[in-house]
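In the numbering used here, the protein residues as written are 1475 to 1949.
Quick reminder that beta carbons are idealized off the backbone N, C-alpha and C, glycines included.
Step one of this worksheet: look at the structure below.
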C-alpha cells in the first residue's frame, strides 16, 4: 500500500459514492405527535420523544454519521437535564434533528428527521418549566439498539479494509488531501462478490470526508450505505480501492493527530445475483465562477435518462458558500416535478435523501433531471472564509464544488449498464483547458512539465462536455 499526494483528484468520479443510499436513519416518530403537552415531565412525555427522534446519535456508542458523533447522551434524566435549554433552542430553530429538505417534500424520504409542531412545543414547555423529572414509573422501556461490532453499526464485516498504515496529520495542516491505495487480492476476496452494505469508520475527528471508489465514501452527516434487497454493486479480485482522504482542522502546535480509517464491507451470499445494479451520476459542473461579495450566484446542469430507471437517493454537495440546492425532473410529456429542494444548505450535514425500499422514485426514459446550486459569497454568510475572493472549483474547503449526486438503477431486472455499474458511463468532468491547467498547478503540477502524451490524456479525460448547462448570476 502506498501513500501519495494526488496529482488530480477532482473529487470527481468522486465523490461519487458518498451518495449511496443509507438505511440507518432515525425514524420519524409519532410519539406525542398530535398534541403538545402543557406541563410535560421527562419520564412521561420527553423521554419517548428522545428515544424515537434523538437517541440514534445521542446515546453511548451512538451512530457515527461520517465523523459526526453526538457529544452527549440523552438516555436518562441526569444526562439530559443540563441540556434542556439547549434542546429547546435547537428544536425551535429547526437545527435539530438535522434535516434540510423543504417541508414540501415532507414524507417523501425514508430517512426524514423532523419533529411535529406539537413535539417541539412539548420540549420547549419542558425546558421552560425547569425540566421537571416526574415519576420514573411513567418512563417507557429503554429502546434497544443493534450491537456494534468493533465500532460498526452494520455488524461483523465480511471484508474489512484499512486505508493503509496509520497516517499522521501534521500540526501545521489545515486542509490536506492524501491518497492511499488498497489492492483487493485473491487472498482477501477469492471470487467476485456482490456488495450489500458499506460502512466507513473515520479513524480521527479531523477526517472531513473519504472518497474511496469503487466502494463509495462518507462525509459529515452520511450514514452507512445499505442497498435494498436485490440491489448492489460488484467487487472483484484485482480491484483497487483508492482512498482519497480530506483532512481538515485548525493548525497549530499540538494539533497533529493519527488516522487509520477503515471500512466494513458485507456481501450477499455466494452465488447471489442482484436484479438491479446500482449506478451513481455525479451531475457536476467545474466551470462556475462566483464573484466576490455576491450573495446569490446560481448555476445549473442536467442529465438525461435514456432508459426507465429507479432513483434510490439524492445528495447535493457544495462547500462553505453553499446556499441552496434544487433538483427538478423534466418529464417527456412536458411536465415538471421538484424532486428535492434544500433551501438552507449546510456544509456540516452532507445528507443523502433516500427513497424507501420498494418505493423508489420512477424516472421514465427521456426524463432530464436538472440540478441547480446557489452560493452566497457575501460578508453576510457567517461561514464564508473570504467574501473578497473570486471562487472557482477546487478541493479545499475554502474553494467550492458543485455535485448533484443521483443514485439509481435500471428499472429492468437483470439489465447490466454500460461499464458494469457504479459510475454513470456518460459522466466526465467538463473543465475548460485553462481551468484544467490551473487546477493541476494548484496540485503542484506544471502543465509544461508533463509529457505530450500525458497532456493529451488529461485533455481527453477532463475537458469533454456532454450535458446541457446553464448559469445565472455568474456568467
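- In the three-state reduction of the DSSP assignment, residue 1892 falls in the helix class, which pools H, G and I.
- Counting along the chain, the unbroken alpha helix (DSSP H) around residue 1594 starts and ends at 1591-1602.
- Your pair residue 1674 and residue 1760 does not check out as a contact, with CB atoms roughly 25 Å apart and the cut at 8 Å.
- For residue 1738, no alpha helix (DSSP H) encloses it; the enclosing beta strand (DSSP E) starts and ends at 1736-1741.
- DSSP lists 1787 as the beta-bridge partner residues of residue 1828.
- Counting C-beta pairs with one atom in each stretch, the region 1603-1616 and the region 1715-1730 have fewer than three that are closer than 8 Å, which means they do not touch.
- The residue among 1624, 1562, 1581, 1587 with its C-alpha nearest the C-alpha of residue 1571 is 1587.
- Selection 1598, 1629, 1563, 1533 evaluated against residue 1513 yields 1598 as nearest (Cα-Cα).
- Assignment of residue 1511 by DSSP, reduced to helix, strand and coil, places it in the coil class.
- Here residue 1851 is buried: its Cβ has 16 or more other Cβ atoms, across all protein chains shown, within 10 Å.
- DSSP, reduced to helix, strand and coil, places residue 1760 outside both helices and strands of the structure shown, so it counts as coil.
- Note on geometry: alpha-carbon atoms of residue 1565 and residue 1830 lie some 25 Å from one another.
- Between residue 1847 and residue 1773 the beta-carbon gap is near 6 Å, inside 8 Å, which marks them as a contact.
- Residue 1565 carries a helical assignment under DSSP once its states are collapsed to helix, strand and coil.
- Beta-bridge annotation (DSSP): residue 1706 is paired with 1751.
- Bridge pairing for residue 1674: 1737 [DSSP].
- With distances taken between CA atoms, residue 1821 lies nearest to 1799 out of 1799, 1833, 1753.
- In this structure, residue 1705 and residue 1885 do not form a Cβ contact; the two beta carbons are roughly 12 Å apart against a cut-off of 8 Å.
- Contact between residue 1879 and residue 1754 holds: CB atoms are separated by about 6 Å, below the 8 Å threshold.
- Residue 1668 and residue 1702 have their C-alpha atoms roughly 13 Å apart.
- Here residue 1697 is buried: its Cβ has 16 or more other Cβ atoms, across all protein chains shown, within 10 Å.
- Counting only the Cα atoms, residue 1765 lies some 41 Å from residue 1530.
- Ranked by Cα distance from residue 1735, the first of 1679, 1727, 1615 is 1679.
- In the DSSP assignment, residue 1659 falls outside any beta strand (DSSP E), carrying neither H nor E.
- The residues 1645, in chain order, have a CB closer than 6 Å to that of residue 1727 in the same chain once the five nearest residues on each side in sequence are set aside.
- For residue 1884, the secondary structure class from DSSP, reduced to helix, strand or coil, is strand.
- Going by beta carbons, residue 1691 and residue 1700 fall outside the 7 Å limit.
- Here residue 1553 is not bridged, per DSSP, to any residue.
- Look at residue 1520 here: in three-state DSSP terms it is helix.
- Here DSSP, grouped into helix, strand and coil, assigns residue 1928 to helix.
- Inclusion of residue 1657 and residue 1724 in the CB contact set at 7 Å is not warranted, their separation being larger than that value.
- Non-local beta-carbon contacts of residue 1743 in its own chain, meaning distances under 6 Å to residues more than five positions away in sequence, are absent.
- Secondary structure at residue 1649: strand, using DSSP grouped into helix, strand and coil.
- Shown here, residue 1908 sits in a helix according to DSSP, grouped into three states.
- In the same chain as residue 1729, and ignoring 5 residues on each side of it, the C-beta atoms closer than 7 Å to its own belong to 1645, 1723, in chain order.
- Burial check for residue 1533: the Cβ neighbour count within 10 Å reaches 16 or more, so the residue is buried.
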